[in-house]
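Colleague: If you scroll down you'll find the structure; I have some questions about it.
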Amino acid sequence: MAARGQVYLVTGGRGFLGSRIVQMLAEKEEDVSEIRKIESSHCPPIVDQERSPVTPIVNIVGDVRDEQALSEACRGVDVIIHTAAVIDVTGRVPDQVMWDVNVKGTETLLRCCEKVGVPFLVFTSSVEVCGPNSSGDPVRDGTEDTPYNHTGHRFTYSRTKAEGETLVLSHNGLVLSSGVTLHTCVLRPMYIYGEGGPVGVFPDWRYADSHDGKLPRISARGPKVRPVYVGNVAWAHVLAAREIRRRPDAVGGQTYFVSDDTPVNDYSSFHAELLSPMGYTIDDNTLIPLRVWYAMAFVLEMMQWLLKPVLAFRPPITRGILQLYNTAFYFRYDKARKDLGYQPLFDWEEAKERTTRWLRNYEKEW
3 MAARGQVYLV TGGRGFLGSR IVQMLAEKEE DVSEIRKIES SHCPPIVDQE RSPVTPIVNI
63 VGDVRDEQAL SEACRGVDVI IHTAAVIDVT GRVPDQVMWD VNVKGTETLL RCCEKVGVPF
123 LVFTSSVEVC GPNSSGDPVR DGTEDTPYNH TGHRFTYSRT KAEGETLVLS HNGLVLSSGV
183 TLHTCVLRPM YIYGEGGPVG VFPDWRYADS HDGKLPRISA RGPKVRPVYV GNVAWAHVLA
243 AREIRRRPDA VGGQTYFVSD DTPVNDYSSF HAELLSPMGY TIDDNTLIPL RVWYAMAFVL
303 EMMQWLLKPV LAFRPPITRG ILQLYNTAFY FRYDKARKDL GYQPLFDWEE AKERTTRWLR
363 NYEKEW
């Protein structure tokens, strides 16, 4: 009798990154008998995932905070890729919601692994667990071993993902009641772009539509960020899931930065490059000094605080976002290449073309 293939569960499997992981598992991974994706019912699909006639893809409506539903989804699963998270750096989402989903949801998932005996878990984290810190200390071409003062996260999202990392890594090597050992690892992607995102483009786009197609410059020129294409991040997850099964003692307990060959740039120039085929240009003639941006952001944050009892006001810009946009903070993928065999599947030109094509279609519906 032939051995059955692996059963995968992807939390957040209909989201921006999760949908790509499901699609790539179906297309690239041979040793798969079933892919389950669990997502809250209100989440729309990002890409068509039903194109594989070979690998069954099972849709499960559920919430990572619902232990009963999650336990059923995990039963019989070999590998979990945990992408489900609430991402927000604008104040739109209440802090408690992010703690409930990103931390308590991860705790719940780990309990389910213990309960039903899931042996492998790959956790999607973020470069933002590392920084930039509140002092704005830069890192250029860093690695997992680069020393850095990680204290002073400006965003609740960053704090919740850091806590999620700690939980996941603390469970690596845990012997479950079934007798199997749980092995876990963590991936930290850079700022992700691609079809279905990138969310960072939209505020600039909205501004430009009311200012003759001129995009605002809110990040100073110079190398600040090395964005990573969503397809390459998905591929890194497929490889991590493969290698943690093959070499659990080597990959388990490890963290990996995920980047690719997208050129290092500043956020504003990067957004302008993606939007330029639609006729948008960056407005460098009316450059507002950074200190003025910070003053404006401070006033807007004070307005948010004062209006909070009566009105849900969300500032279009905050000091935290300004600091994020203006601090050089990016990492190499050397360790992922060495341990996971990771090499980007998509080069910069293809990634840009795919993203721009999607943005152009999105513009028609704007």
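Throughout, the working numbering is defined as the position within the sequence shown, counted from one, plus 2.
Just so you know, even glycine gets a beta-carbon here, dropped at the ideal spot from N, CA and C.
Predicted, not measured: the structure shown is a model, and the values here were computed from it.
How about the stretch 250-270 and the stretch 94-102: do they share at least three Cβ pairs that are nearer than 8 Å?
Modeller: no
Colleague: With a cut-off of 8 Å on the beta carbons, I'd call P225 and A330 a contact; round off their distance for me.
Modeller: Within the sequence shown, the letter at position 223 stands for residue 225. Within the sequence shown, the letter at position 328 stands for residue 330. Confirmed, about 6 Å.
Colleague: For the stretch 269-307, list the alpha helix (DSSP H) runs that are entirely contained and at least 4 residues long, ordered along the chain.
Modeller: 269-277
Colleague: Only counting the same chain, and skipping five residues up and downstream in sequence, which positions put a Cβ closer than 7 Å to that of Q325?
Modeller: By one-based count along the sequence shown, residue 325 stands at place 323. Excluding positions up to five away in sequence, the list reads P134, G138 and R156.
Colleague: Kindly indicate which three-state DSSP category R248 falls into: helix, strand or coil?
Modeller: Your numbering for residue 248 matches position 246 in the sequence shown. In the structure shown, R248 sits in a helix (DSSP, three-state: H, G or I).
Colleague: Is it buried or exposed, N363, if we count other Cβ atoms within 10 angstroms and call 16 or more buried?
Modeller: Working through the sequence shown from its first residue, we reach residue 363 at position 361. Exposed, because fewer than 16 other Cβ atoms sit within 10 Å of the Cβ of N363.
Colleague: My output table needs one value for S397: the three-state DSSP class, helix, strand or coil.
Modeller: No information on residue 397 is available, as it lies outside the stretch 3 to 368 that the chain covers here.
Colleague: Taking DSSP's pairing of strands, which residues face T257 in a bridge?
Modeller: The residue labelled residue 257 in the question sits at position 255 within the sequence shown. V188.
Colleague: Tell me which residue opens and which closes the alpha helix (DSSP H) that R113 is part of.
Modeller: The sequence position of residue 113 within the sequence shown is 111, counting from 1. Judged by DSSP secondary structure, R113 falls within the alpha helix (DSSP H) whose first and last residues are G107 to V118.
Colleague: Examine the Cβ distances between the stretch 180-198 and the stretch 254-265 and report whether three or more of them are shorter than 8 Å.
Modeller: Yes, the stretch 180-198 touches the stretch 254-265.
Colleague: With burial defined as no fewer than 16 other Cβ atoms inside 10 Å of the residue's Cβ, what is the status of T158: buried or exposed?
Modeller: Here residue 158 is taken as the residue at index 156 of the sequence shown, counted from 1. By the neighbour-count rule (16 or more Cβ atoms within 10 Å), T158 is buried.
Colleague: Do P140 and T183 count as a contact pair if the criterion is CB distance below 9 Å?
Modeller: Position 181 of the sequence shown, counted from the first residue, corresponds to residue 183. Position 138 of the sequence shown, counted from the first residue, corresponds to residue 140. No, these two residues do not count as a Cβ contact at 9 Å.
Colleague: So D97 is in the alpha helix (DSSP H); what residue range does that whole segment cover?
Modeller: Looking up residue 97 in the sequence shown gives position 95. Counting along the chain, the alpha helix (DSSP H) containing D97 begins and ends at D97 to M100.
Colleague: Mapping DSSP to helix, strand and coil, what is T262?
Modeller: Locating residue 262 in the sequence shown gives position 260, counting from the first residue. The amino acid occupying residue 262 in the given sequence is Asp; Thr does not appear at that position. Coil.
Colleague: Please give the ranges of any beta strand (DSSP E) in the stretch 123-157, keeping only runs that are unbroken, at least 3 residues long and fully inside the region.
Modeller: 141-144
Colleague: What first and last residue would you give for the beta strand (DSSP E) that runs through Q8?
Modeller: As a position in the sequence shown, residue 8 is number 6, starting the count at 1. Note, Q8: beta strand (DSSP E), Q8 to T13.
Colleague: Could you spell out where the alpha helix (DSSP H) holding K337 opens and where it closes?
Modeller: For the purposes of this step, residue 337 is taken as the residue at position 335 of the sequence shown. It spans D336 to L342 - the alpha helix (DSSP H) in which K337 sits, taken as one unbroken run.
Colleague: Do you know whose CA, among E36, C132 and Q256, lies nearest C76's CA?
Modeller: Along the sequence shown, read from residue 1 onward, the residue named residue 76 stands at position 74. Selected option, being the one with the closest Cα: E36.
Colleague: Is the stretch 330-340 touching the stretch 102-119 in the sense that three or more CB pairs, one from each, lie closer than 8 Å?
Modeller: No, they do not touch.
Colleague: Against chain C, with Cβ distances strictly below 9 Å, would D97 count as a contact?
Modeller: Chain labels in this structure do not include chain C; a single protein chain is all it has.
Colleague: Any chance the stretch 164-171 sits against the stretch 236-247, with 3 or more Cβ pairs inside 8 Å?
Modeller: no
Colleague: Considering only the alpha carbon of each residue, which of R94, V91, E31 and Q306 lies closest to T81?
Modeller: Position 79 of the sequence shown, counting from 1, holds the residue named residue 81. Note that residue 81 is Val in the sequence shown here, rather than Thr. Taking each of R94, V91, E31 and Q306 in turn and checking the Cα distance to V81, the smallest one comes out for E31.
Colleague: Distance check for R247 and G322, CA to CA, integer angstroms please.
Modeller: Position 320 of the sequence shown, counting from 1, holds the residue named residue 322. Position 245 of the sequence shown, counting from 1, holds the residue named residue 247. Answer to the nearest angstrom: the Cα atoms are 39 Å apart.
Colleague: Could you tell me whether the Cβ atoms of I194 and Y231 are closer together than 9 Å?
Modeller: As a position in the sequence shown, residue 194 is number 192, starting the count at 1. As a position in the sequence shown, residue 231 is number 229, starting the count at 1. Their beta carbons are under 9 Å apart, which means I194 touches Y231 by this criterion.
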